[in-house]
Every structure is written in structure tokens, then in C-alpha cells.
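> This is the structure I have questions about; it appears just below.
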Amino acid sequence: ALSFEYIPAALDVALACVDRLQALGDYRYNHAPGETHRLRASQWLTPEEISQFLRQRTLQDGSGDIYARRV
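Going by the numbering used here, 109 is the number at position 6 of the sequence shown; the sequence numbering is gapless.
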């Protein structure tokens, strides 16, 4: 398992991280806003779902963390 931060001004970097992880293996994802370290999704998300979540972020949403686990 691992985590990386997403920042609304640089979401392309977070999306590239998802792409790279998928190239390395099959991963599922969850997210935590800000510094809460509390997972928000009730179930682990597919690469497509976490990418959609990231694309929907706005500058007002703030940053957070993406958690990835290999399945």
C-alpha cells in the first residue's frame, strides 16, 4: 500500500500517479481530504473512479491524499 497527495492546481500529477500504478499492477484507491487521514469512500475505488474523482476537484476543494492498495 502507498499514498500520494493531490493538489487541485496540479491534478495532472495525481492522475499520472494513478496511470503509473496501474502500469505496475492492479490497484484500488481511496481518498482523504486535507490532513484528516480518514478514508471517505465506503469502498475502494477502481482506477476509473478515482480518476473521475480527481477530475472533479476544483481549486476551492483543497488538497488531500490518495491511498492505493494492490489487489
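Backbone N, C-alpha and C fix where the C-beta goes; we use that ideal spot for every residue, glycine too.
When the Cα atoms are used, what is the spatial distance from L157 to A117?
8 Å
> If you draw a straight line from the alpha carbon of T149 to that of V121, how long is it in whole angstroms?
10 Å
> Considering only their Cβ atoms, is the gap separating V174 from R131 smaller than 8 Å?
yes
> Give every residue of the same chain whose Cβ lies closer than 8 Å to the Cβ of G137, excluding the five residues on either side of it in the sequence, and list them in chain order.
G165, S166 and G167
> Could you pull out every residue in the same chain whose Cβ sits closer than 6 Å to the Cβ of W189, ignoring the five residues on either side in sequence?
Because the chain spans 104 through 174 in this model, residue 189 falls outside it and cannot be assessed.
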